[in-house]
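Contents: one structure, followed by commentary.
Numbering (our numbering), first residue to last: 12 to 228.
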């Protein structure tokens with residue numbers, strides 16, 4: 012859970028990230044907003060310029076991904092993920108999220124899981140000028156299959172190490188239950204994950220294991 016989520020205020024880390032994005036875009040912060048909503052206001056202010064620009068500066072990538080990961084609301088983190096996918100490519104965005112999942116704090120890992128879903132946003136030539144003139148786009152930017160495999164591996168590794176129930180659920184329950192979805196080199200790790208999930212005290216995790224059993228993992 013994000014650091015201020017229980018209190019109903021926005022996490023300080025999210026405000027720091029959105030402020031960094033706004034400054035790089037030249038969007039001025041409006042100080043009249045209540046402290047508890049300043050970050051969301053900034054996120055709203057940068058959404059349009061992020062999608063309207065033909066390109067985004069390289070220095071914006073790290074702050075943009077940080078804002079996506081630290082956004083506590085899964086309904087809105089797409090505001091940062093989508094322009095990053097258009098400007099920098101789905102592959103690079105997903106690779107950054109895998110890094111957060113591997114070495115981030117629990118709050119960052121939770122944010123990476125939320126952002127991972129948004130990173131699958133469909134690309135449309137009419138959605139962003141960053142797509143390229145005439146709807147042309149380098150396909151290499153959006154070939155993330157090996158990155159998706161890395162996500163599967165990192166998720167199972169985090170599940171094996173997690174001591175927090177919420178983290179265990181976050182990284183496991185959206186993973187595919189079919190063995191065919193995993194490359195052969197991950198089958199040993201999948202088997203171990205399934206064994207742990209079968210006897211886990213949480214019923215949601217056990218149901219995931221039961222579904223996997225049904226599909227003959």
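All C-beta atoms in this analysis are idealised placements derived from N, C-alpha and C, irrespective of residue type, glycine included. As the structure is a computational prediction, the values presented were derived from the model and not from experiment.
Closest option to residue 152, judged by alpha-carbon separation, among 103, 112, 217: 103.
By a beta-carbon distance limit of 8 Å, residue 121 does not contact residue 90. Their separation comes to about 18 Å. Using a Cβ distance threshold of 9 Å, residue 80 and residue 119 count as a contacting pair.
Burial state of residue 74 is buried, judged by a 10 Å Cβ sphere holding 16 or more other Cβ atoms. For residue 207, the enclosing alpha helix (DSSP H) stretches over residues 198-209.
Look at residue 131 here: in three-state DSSP terms it is coil, with no helix or strand label. In terms of CA proximity to residue 216, 182 leads the group 190, 182, 196.
For residue 176, same chain residues with a beta-carbon under 7 Å away, outside a window of 5 residues either side, are 213 in chain order. Distances from the CA of residue 34 to each of 48, 60, 23 were compared; the closest alpha carbon is that of 60.
Around residue 173, the same chain offers 179, 182 as residues with beta carbons nearer than 8 Å, after the five sequence neighbours per side are excluded.
Nearest neighbour of residue 25 by Cα position, chosen from 83, 204, 167, turns out to be 83. With respect to the C-alpha of residue 155, the residue from 145, 144, 108 having the closest C-alpha is 108. The beta carbons of residue 164 and residue 205 sit no closer together than 9 Å. Looking at 211, 210, 168, 184, the one whose alpha-carbon comes closest to that of residue 199 is 168. In terms of Cα proximity to residue 49, the closest of 69, 28, 37, 133 is 28. Here DSSP, grouped into helix, strand and coil, assigns residue 177 to helix. When rounded, the separation of the alpha-carbon atoms in residue 189 and residue 76 is 30 Å. Within a 10 Å sphere around the beta-carbon of residue 135 sit fewer than 16 other beta-carbons, which makes this residue exposed. Counting only residues of its own chain and dropping the five nearest sequence neighbours on each side, residue 124 has a CB closer than 7 Å to the CB of 181, 182. Residue 84 sits in coil when the DSSP states are folded into three classes, being neither helix nor strand. The C-beta of residue 100 has 16 or more other C-beta atoms within 10 Å across all chains shown, which makes the residue buried. Counting along the chain, residue 92 sits inside the alpha helix (DSSP H) bounded by residues 89-99.
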